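In the order they appear, the protein sequences are chains P and G. Take 1 as the starting number for the first sequence in full-length UniProt numbering and just add one per residue. Take 1 as the starting number for the second sequence in full-length UniProt numbering and just add one per residue.
Number of protein chains: 2
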Amino acid sequence: MTYTIPVELTTTPKAKPSHHKQAFGTVFTDHMFILDYDAGKGWHDPRVVPYQPIELDPAAKVFHYGQTVFEGLKAYLTEDQRILMFRPGKNIQRLNLSNHRLSIPALDEELVMEALKQLVLVDRDWIPSEPGTSLYIRPFVIATEPVLGVAPSLQYKFMIILSVVGSYYAEGINPVSIYVEPKYVRAVAGGVGNAKTAGNYAAGLKAQDEATLKGYSQVLWLDGVHRKYIEEVGSMNVFFKLGDTVVTPALNGSILDGVTRNSVIQLLQHWNIPVEERALSIDEIVEAHRSGLLTEAFGTGTAAVISPIGSLEWEDEQLVIGEGATGELSRRVYDAITGIQLGTAEDPFGWAIELTLS
Amino acid sequence: MTYTIPVELTTTPKAKPSHHKQAFGTVFTDHMFILDYDAGKGWHDPRVVPYQPIELDPAAKVFHYGQTVFEGLKAYLTEDQRILMFRPGKNIQRLNLSNHRLSIPALDEELVMEALKQLVLVDRDWIPSEPGTSLYIRPFVIATEPVLGVAPSLQYKFMIILSVVGSYYAEGINPVSIYVEPKYVRAVAGGVGNAKTAGNYAAGLKAQDEATLKGYSQVLWLDGVHRKYIEEVGSMNVFFKLGDTVVTPALNGSILDGVTRNSVIQLLQHWNIPVEERALSIDEIVEAHRSGLLTEAFGTGTAAVISPIGSLEWEDEQLVIGEGATGELSRRVYDAITGIQLGTAEDPFGWAIELTLS
């Protein structure tokens, strides 16, 4: 099925940034995509319009009950001026999984894909070409019905906005120091930790604040039941190299099924490196550190791709990993994924999707 | 300290509802209160303005990371035309506790009190006078900075809106049937369950949907760690009468410190009825039902005040409580609190605050 998405071009284009050193998610392009939902009518009126403020009733449910989901992915400009997106279908599938968990009506996945493509093509001149830069794509749904009753909204907006992002590693990959969080919990099985919804991020702000004050970059989240199994690092999935095997926490209901996480697992398998998805306790990590088995650790996510962990602080003990330097495997995974994203490396799984209108 | 809050009156007043049978939170008054926050400047520019849509950048943090808190309280019109609010200071204190948990800058509690009073007085003609009706007051904070980085916002809006609410029990108090939720979890200790923030409500929608489909009014939430200790019912606190003693779950970090909950505890103590705040398992409730010890159960919250529980469904067993009728104690607590709220009953604790400008 082909969708016709009307495009209203801006008459007042903004100046594009002359460099790409701005903070993440601060510079937005000239246009955005909107799709409305009304109960009884379904999703309707897809359109690309100039980037502009939205008007909402102060009783809109998103302000009060947080019924919202989002996604994050990137578009890249190749040396030969093609536009590539990395596994957009995975993000669109997850968007609907999140919608289901948050009682938001499902989106037409083909329409979402077409909207992504249309919007990025309209703003293609915004895609930066310097090494490591990209166009960050943020699809999101908000509940807009102006009613204070606690129940799923009867009105929504699905929107996509685009942000120009500089290189995450403009000054080279620097392993970060991590505080293993003993007090706060991000999510618990039975909750919404495996959905990409606003409340999970709000819940993590306080722990991040306190870790920052203590001098750490991020927190490592432990599970909410036993307070010992590793879940995520900041808002990323996390991997540990223990001897010859790479271990990452299994998808247990409270962990996000990250697209980069999934890609790393597939790459490791492709390289015949043993990888395990299983419960992994902080005690096991401490023990592996003592015995010399723990040689690398890294977070995975769309923004950083790979974020090497230089040290973990747990119960007043500092575990330095790989002498605080970026490990060989972390670098190999980073190079492989960014190479696929930029069209410069082998793409054995067909993950890079060239952006052309159907 | 006295605050001067500028008031801009509407030039297009809305028609007031001719009856009070509308659904909760659907009819709003003519005005609203706004206060802005900018980092470096603090909270500034308090004002009462005509009720109107707000304009936000689509990147505003509230849409993406759910950094928001709210409160709910009511104003009542007495027979002699005085306006009473019920323990507004408790709500304002809790608002700042929620702000702290969500990394939102604290509000000046005196200014918030003055804003409540000013706004309600401006819209005093909207306060309904029929039995059981009231003016629902919804203060809330939203993060408005248009930046996609996951970090506390540098800009916020604090707003208050007012909604005319009909009698919750227009057709008499009807005990409700409750589904004890085995799969979904509302919140866990270490999370944000004890803050009044949007994500807690979003997390509960799916379970409520499924319970509604099964024919139940609400869910009873069990704890996320052991999956057996009782936490809340729907978005209310919960009490059980076991023999001569009333038991309610202790404030363990994942339960909201409800104003009505606190008021019920104080009233029971005032009446020399033993009341315990402690861990309370569903197994204990099932056993108490079997032995005949469980004679009443009710939820407590601002909207309903008291919501009697007629039955609990747990592991395919239906526990009918008090023959499904409203119990004597439930009725006594309801009458005492609503009497204080309307100024018709003894107010031993000075909970009813008459609304006059300072």
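Ideal placement from N, C-alpha and C gives every residue a C-beta, glycine not left out. As the structure is a prediction and not an experimental result, all values here were calculated from the model.
**Request:** Could you check if G/S129 is buried or exposed, using at least 16 other CB atoms within 10 Å of its CB as the buried criterion?
**Result:** exposed
**Request:** Report the residues of the stretch 58-74 of chain P with a CB closer than 7 Å to any CB of chain G, ordered along the chain.
**Result:** Hits within the stretch, in order: P58, A59, V62, F63, H64, Y65, G66, Q67, T68, F70.
**Prompt:** Taking the alpha-carbon positions, what's the G/H19 to G/I161 distance?
**Reply:** Distance between the alpha carbons of G/H19 and G/I161 is about 20 Å.
**Request:** May I have the straight-line CA-CA distance separating P/D316 from G/G224, to the nearest angstrom?
**Result:** 28 Å
**Prompt:** Looking at C-beta atoms only, is the number of pairs between the stretch 68-85 of chain G and the stretch 182-189 of chain G that lie closer than 8 Å three or more?
**Reply:** Short answer: they don't touch.
**In chain order, each beta strand (DSSP E) run of at least 3 residues that lies wholly inside the stretch 44-119 of chain G** = 54-56, 68-70, 73-77, 83-86
**Request:** Measure from the alpha carbon of G/R124 to the alpha carbon of each residue in G/E114, G/L135, G/P131, G/A115, then state which is nearest.
**Result:** G/L135
**Item:** 7 Å CB neighbourhood of G/H31 in its chain, flanking five on each side removed
**Value:** Counting only residues of its own chain and dropping the five nearest sequence neighbours on each side, G/H31 has a CB closer than 7 Å to the CB of T10, V48, V49, P50, Y51, L119, V122, D123.
**Prompt:** Who are the Cβ neighbours of G/D57 in its own chain at under 7 Å, not counting the five residues just before and after it?
**Reply:** Once the five neighbours on either side are set aside, the close Cβ partners of G/D57 are P146.
**Asked** Is G/R47 near the ligand HEM, in the sense that its beta carbon is under 7 Å from a heavy atom of that ligand?
**Response** Inclusion of the ligand HEM in the displayed structure is not the case, the ligand content being empty and no account of it being possible.
**Prompt:** Nearest-angstrom Cα distance between P/P175 and G/A198?
**Reply:** 34 Å
**Prompt:** For chain G, is any of its Cβ atoms less than 8 Å away from the one on P/I178?
**Reply:** no
**Request:** Note down, in chain order, each residue of its chain lying with its Cβ closer than 6 Å to the Cβ of P/G293, except the 5 sequence neighbours on either side.
**Result:** Per the sequence shown, the amino acid found at residue 293 of chain P is Leu instead of Gly. Here P/L293 has L242, G243 as same chain residues with Cβ atoms under 6 Å from its own Cβ, once five neighbours each way along the sequence are excluded.
**Prompt:** Does P/Y201 come within less than 8 Å of chain G when only Cβ atoms are used?
**Reply:** Closer than 8 Å: yes.
**Asked** Can you name the start and end residues of the alpha helix (DSSP H) that P/A207 belongs to?
**Response** 198-214
**Prompt:** When the Cα of G/V246 is compared with those of G/L256, G/I337, G/F28, G/T295, which residue comes out closest?
**Reply:** G/T295
**Prompt:** DSSP state of G/H19, grouped into three classes?
**Reply:** coil
**Request:** Look up G/H31 in the DSSP assignment and give the residues it is bridged to.
**Result:** G/P50
**Prompt:** Counting only runs that start and end within the stretch 217-263 of chain G, where is the beta strand (DSSP E) found for 3 or more residues in a row?
**Reply:** The qualifying runs are 218-222, 230-233, 237-242, 245-249.
**Prompt:** Mind checking whether G/G132 and G/Y168 have CB atoms under 8 Å apart?
**Reply:** Yes, Cβ-Cβ distance for G/G132 and G/Y168 is below 8 Å.
**Request:** With distances taken Cα to Cα, identify the nearest neighbour of P/L95 among P/R261, P/D257, P/L355.
**Result:** When P/R261, P/D257, P/L355 are compared, the shortest CA-CA separation from P/L95 is found for P/D257.
**Request:** Can you pull the chain G residues whose beta carbon is under 8 Å from the beta carbon of P/P152, in chain order?
**Result:** L205, D209
**Alpha-carbon to alpha-carbon, G/T29 and G/N272** = 42 Å
**Asked** By how many angstroms is the C-alpha of G/V233 removed from the C-alpha of G/F240?
**Response** Distance between G/F240 and G/V233, taken at the CA atoms: about 12 Å.
**Request:** Starting from the beta carbon of P/G224, find every residue of chain G whose beta carbon is closer than 8 Å, and list them in chain order.
**Result:** Simply V188, A189, G190, G191, G224, V225.
**Item:** Sheet register partners of G/Y156 (DSSP bridge)
**Value:** G/Y37, G/A143
**Request:** Could you confirm whether any beta carbon from chain P is found closer than 8 Å to the beta carbon of G/P17?
**Result:** no
**Request:** For P/E287, go through chain G and note every residue whose CB falls closer than 7 Å to its CB, in chain order.
**Result:** Those within 7 Å of P/E287 in chain G number zero; the least Cβ separation is about 24 Å.
**Request:** Taking all protein chains shown into account, decide if P/E114 is buried (16 or more other Cβ within 10 angstroms of its Cβ) or exposed.
**Result:** The residue in question, P/E114, is buried, as its Cβ has 16 or more Cβ neighbours within 10 Å.
**Request:** Determine the closest residue to P/S177 out of P/Y334, P/R332, P/V320, with distance taken between C-alpha atoms.
**Result:** P/V320
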